Structure formats: structure tokens, C-alpha cells
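Engineer: In my numbering, the protein residues as written are 3 to 206.
(1) DSSP three-state call for residue 174: helix, strand or coil?
(2) By the three-class DSSP mapping on this structure, what secondary structure does residue 65 have?
(3) How would you write the range of the alpha helix (DSSP H) that residue 134 sits in, first residue to last?
(4) According to DSSP, is residue 44 helix, strand or coil?
(5) Since residue 125 contacts residue 147 with CB under 8 Å, what's their CB separation in whole angstroms?
(6) Extract the residue ranges of the alpha helix (DSSP H) inside the region 54-119, only unbroken runs of 4 or more that lie entirely within it.
(7) Contact check, residue 197 vs residue 145 under 8 Å by CB: the rounded distance?
(8) Kindly indicate which three-state DSSP category residue 191 falls into: helix, strand or coil?
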């Protein structure tokens, strides 16, 4: 389905690139076919990555809303347990693909291991903190966990920016690895800034 999505999105991409003056856009059918084959071969793990990951991205923001935490604490706790399982399931499946079938080769496995491990650690650390009544620490580690998950979207934005700027056209795999590092570091930097900016207010 990854290749099918790329095929459907190609006309829009062509029109956008044409409007920017890039008429001779190089296509990477082989790369798309390789990605499609990788995910298609392991459909269960693919869905284990996509579905729980989607649930986490869609529902995690609800947990940061003060009215939900203050007025519906029971709901907040149960949703938190669901999100913990979703994060671990999606992260584990992502680590599987990143380790055994990295599109960018070994250089992709390195950031996948680092940031995938950070997702695991952040989610578990947040759970341990709230079990010990450490609300502030719980909040901060959940922000980090959500940032790691959200960074996947940032990576896509960076890839699109590189594509439009014609950066890495001849080396798409290297560009993909650079996009992974850039997307995750940008998102985590913003998360850390927000944690420190709001820490005193939350403590007070």
C-alpha cells in the first residue's frame, strides 16, 4: 500500500514540481517497489506499526488537556494505559523494520535504534513516574514520547522540503537518513524547549 499511495500522490507532486520549474524530476520506482515489498511481506508487523502508531498520535494530545486530567481522571488513566501499549507495539514494529529492512541501509538503523529506544524509555519512564506519584516527571517524559512519535511527520516534511529544493535527488537513500536525523532532532528540540519553558509554571 505504500507504493500505491506514492503512485496516487505522484500527479500532485508532478504539478507542484512543474510549478516550481522542475520538469525533469527523477523517479525512483525501484525504491518505491522495495519499500512496498518490504511492508507487504510483513503485513502483520506493518499493521502493528501503523495502527497503534496512528492511535497514539491521534489520542495522545487529549492527555495533555488540563480539563481531561482534572475532570476525568479515570478516563485519563485508562487512556494512558492504552497509549502505553500502543507506543510499545508501534515502536517495536518500527524497530523491526529499521533493524532488518532499513531503506537507508545501516546508516538508517542508527537513528532508528536511538530514537526508537528513546520512545520505549520515555513511555516506560513516564509510567513508572506516575506510579510513584511524580506527576511533573510523568508529564515531561510523556511529552518526549509524543515528540518522538510526532517526529515521523516532521521527517516527511523535511523530505518534501529536500525534494522541492532538489537536495539529495541523486542520493535518495542518503537524503532519507539525513531527513530522519533532522526531523527527530528538530521535534525533540522543540519538546525540550517547551518542557523547560513550562516547568516552573507546572511546578507552581
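Heads up, the beta-carbon is just placed ideally off N, CA and C, and yes, glycines get one too.
In this text the structure is predicted, and so the values were computed from the model without any measurement.
Structural biologist: In this structure, then:
(1) Walking along the chain shown from the start, residue 174 turns up at place 172. Collapsing the DSSP output to three states places residue 174 in a helix.
(2) For this step, residue 65 is matched to residue 63 along the chain shown. Helix, per DSSP.
(3) For this step, residue 134 is matched to residue 132 along the chain shown. No alpha helix (DSSP H) holds residue 134; DSSP gives it neither H nor E.
(4) Locating residue 44 in the chain shown gives position 42, counting from the first residue. Coil, per DSSP.
(5) Numbered from its first residue, the chain shown carries residue 125 at position 123. Numbered from its first residue, the chain shown carries residue 147 at position 145. Correct: roughly 5 Å between the Cβ atoms.
(6) 68-73, 75-102
(7) Position 195 of the chain shown, counted from the first residue, corresponds to residue 197. Position 143 of the chain shown, counted from the first residue, corresponds to residue 145. Yes, they are in contact, since the Cβ atoms of residue 197 and residue 145 sit about 6 Å apart, within 8 Å.
(8) The residue labelled residue 191 in the question sits at position 189 within the chain shown. It is helical.
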